[in-house]
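Accompanying notes for the structure given below.
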Amino acid sequence: MRLLKILFSPWLVVLAALIAAPAHAQVMGIEILRREPFAGGASFAPVGPYEIIAGRLHLEADPDDSADQRVHDLALAPRNARGKVEYSTEFFLLKPVDLARGNGRLLYEVVNRGHKLALGLFNGAGSAEPKTLRDAGNGFLMRQGYSVLWSGWSGDVMEGGGRMSARLPVAREHGREITSTVYAEMESSVTQMYEKRQSAGAGNAAKMRKSLPLAWGDTLAYPAVSLDNRHARLTVRAARSEPAIEISHTQWQFARWEDGKVLPDPTSVYLEEGFAPGLLYELTYIASNPRVAGLGLASVRDVVAFFRYDRMDAAGAPNPLAGAIEHAYGVGVSQSSRFLNHFVYEGFNSDRHGRIAFDGLIMYVGGAGKGLFNHRFAQTTRHGSQHEETLYPTDFFPFATVPQEDPVTGQRGDAFARARALGNLPKIYYIQTSTEYWARAASLLHTDVQGKKDLPVDPNVRIYLFTGAAHNAVTGGLAEHPLNRRKAAPMVRASLVTLDDWVSREIEPPPSRYPRLDDGTLVELPQLVSAFPKFPAVRLPTRYYQPLRLDPGPCWQPEGVADHVPPLAGPAYHTLLPMVDSDGNELAGVRYPDIAVPLGTFTGWNIRTKEYGAPGMLLRWQGSHLPFARTEQERKKNRDPRPSIVERYPTRDIYLGKVAEAALRLRAERFLLDEDMIEILESAAEQALWD
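Final position of the sequence shown in my numbering is 1039; the numbers increase by one with none missing.
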């Protein structure tokens, strides 16, 4: 009897499961907390119904394994009895109920500040917690048969709102708490515009705020170790080019203003006179307990590898996609696009067993940037812009997909050097809107750092500019930009199809389409301004984003540790802009019918109103839409040099014919699917401009 008890001991059951589990398993445990039908069990022909599986994945990293040694501070994280570092992440999976009817493809989206965006990007609709038929949009991914996966990767994401996060360990040195000087920039209009975008754009009036958090974008700041502000320094300036003015310690506190009261808070700053919109407030302070942020990169690799390859986790629990995945693709939007760029740069696309995670990647609207994703006291939401956050080293050399040199610093490099050496370079699409050339230094992907010559592009890479489209739909006061993400979705859908063809059938995708120096479609700002149509309703930009050469110190590259906080600022890299035609629409790129047969001018830039900053200063993520006059009489009244709609297209039939030609051309070039052609033509037919 005693022998039977021993044989059925729970510990022996676990041990047997560990012995039976595949040696490749890097996910120690899959904890399924929810399993339910998606969209009420609706069927997506020809694949059938989908289901939701959500829960938590428990992972381990090995500080002694070369695959994990690129994770900075991993050696300083607590280890378990096996010498491994434990951490975990949430996951959310949409999969066909009958996997045999799926297409054998896993689409993994890197969440943006915890938010799921892939259904909106590909299906035209989605939500923070997709569960209804409305959340499925047009059902494209489901009709194609994709399993769609999300997981948390960032340890600084706030809980709630359907956001996904990871539980990452804290680094300690010799068992002691790590403290360091941390830099936080606060700009009240950034916080307000982000909050309005998250709440569907409620008004545009700037407000004086009594307090601001040390971080924005639904992310957690590192708290100050002490509320005594004598160990911190707060300054203000109107622009980076102006000298900083220190604010007396008696005028501010580590606190927040709430319900008319000043409440102590080590993650906020209360300023007695209030924060003026548009001004840059910069704080240096002492913080402690840095998370091992680079585990976010490792987690994406290991989560995808688990769902793609493993039959079960290390304890024997089955993988819900076991045996069903032939190819895996990754997609990132904005911040998460930069994450994927950094992921490839660090060489994380194969796990410690040499298994490739992603066969292909779509990096959407990330510009040339990477990010603070693998550094001590990382602030993952930060990124440089024309005005804001220019002292955060998120856009750093090397940028291009081939070897390059910086004659200013003498650096040589190749963004894909590690991936090539490890043999894990995936097929990559960099997809940009016009905004990324103005606000995210996109030209550095394909020019030298002085902006003097075009560079080759790696054969595994395509770069596409979606001409005239904007990073965000919100436009700071103008009507909604007609070429926002919803209108970009048809071309993004087609891109996923051609990427899959490239990976799985070796069918070459469409050639890259982006502005170039050698054909005059990539230019300096004065040349663009001189070509842009002049009329009273338009104020033209006087500046755009050119990232600074930043020096955080000698420990930054090898260890991810900043010696200079904030970094020392050197000269800017030289970026360039897409040239425009006589209407102000850009010449190069993939021209959607709205650009090829325009009813207005579409720009990647939008200028702040006076309440948000100095004249000529750009909004951070927005484009502009400048409609054409309907008639010649209206055009002359407005002193608009652009021909009116009726002058261009005397009848509706002429207009519809040109739209059809443009759509057919895109279809022939494989930038448009048949189903989206119909929608484009129907939308064009709804125009009532000739009545």
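Ideal Cβ positions, reconstructed from N, Cα and C, are used throughout, including at glycine.
None of these values were measured; they are calculated from a predicted model.
Between the segment 667-681 and the segment 610-627, the count of Cβ pairs shorter than 8 angstroms is below three; the stretches do not touch.
Classified as exposed, T480 has fewer than 16 neighbouring CB atoms from the shown chains inside 10 Å of its CB. Out of P394, R978, P478, V518, the CA that lies nearest to the CA of V419 is found in V518.
The C-beta distance from N697 to A767 rounds to 6 angstroms, short enough to meet the 8 angstroms contact threshold.
If you keep only unbroken alpha helix (DSSP H) runs of at least 4 residues inside the segment 470-527, you get 488-492. According to the DSSP assignment, V648 belongs to the alpha helix (DSSP H) that extends over 643-657. L560 and M711 have their C-alpha atoms roughly 31 angstroms apart. In this structure, DSSP gives S852 a helical state, which the three-state scheme calls helix. Rounded to whole angstroms, the gap between the alpha carbons of H406 and E379 is 8 angstroms. For H690, no beta strand (DSSP E) encloses it; the enclosing alpha helix (DSSP H) starts and ends at 683-693. Looking at the DSSP output, T583 sits in a beta bridge with E594, E630. Separation of L611 and W1038 (C-alpha to C-alpha, rounded to the nearest whole angstrom) is 60 angstroms. Across the set V584, G608, P591, A532, the C-alpha of A532 shows the shortest separation from the C-alpha of P571. Between the alpha carbons of P900 and A587 lies a gap of roughly 21 angstroms. When secondary structure is reduced to three states using DSSP, A885 falls in the coil class, being assigned neither helix nor strand.
DSSP, read as helix, strand or coil, puts N460 in strand. Counting along the chain, D754 sits inside no alpha helix (DSSP H), nor does DSSP assign it H or E at all. Per DSSP, reduced to three states, the secondary structure at Y960 is helical. In the three-state DSSP reduction, Q780 falls in the strand class (E or B). One thing to note: Y812 has its Cβ no nearer than 8 angstroms to the Cβ of L925.
Under the rule that a run must span 3 or more residues, the beta strand (DSSP E) segments found entirely inside the segment 942-1012 read 948-951, 972-975.
Take the alpha-carbon of L582 and the one of G622: they are about 13 angstroms apart. In the pairwise beta carbon analysis, the segment 725-742 is classified as not touching the segment 795-805: fewer than three pairs are separated by under 8 angstroms. In its chain, beyond the 5 residues on either side, G622 have a beta carbon closer than 6 angstroms to the beta carbon of M556. Less than 8 angstroms separates the beta-carbon of L467 from that of G485. P478 and D743 have their alpha carbons spaced roughly 33 angstroms apart.
The beta-bridge partner set that DSSP reports for E408 consists of E434. In this structure the segment 998-1013 touches the segment 944-956; the number of beta carbon pairs closer than 8 angstroms is three or more. The three-state secondary structure of Q601, taken from DSSP, is strand.
Below 8 angstroms, too few C-beta pairs join the segment 905-913 and the segment 990-999 to call them touching: fewer than three. Look at the beta carbons and you see the segment 720-734 not touching the segment 748-767: under three pairs across the two are nearer than 8 angstroms. Y892 has its alpha-carbon roughly 15 angstroms from the corresponding atom of P919. DSSP places D899 in the uninterrupted beta strand (DSSP E) bounded by 896-899.
A distance below 8 angstroms separates the beta carbons of A817 and A836.
Within the same chain, and ignoring the five residues on either side of A646 in sequence, the residues whose Cβ sits closer than 7 angstroms to its Cβ are A409, D416, V419, F696.
Between the alpha carbons of V648 and W501 lies a gap of roughly 7 angstroms.
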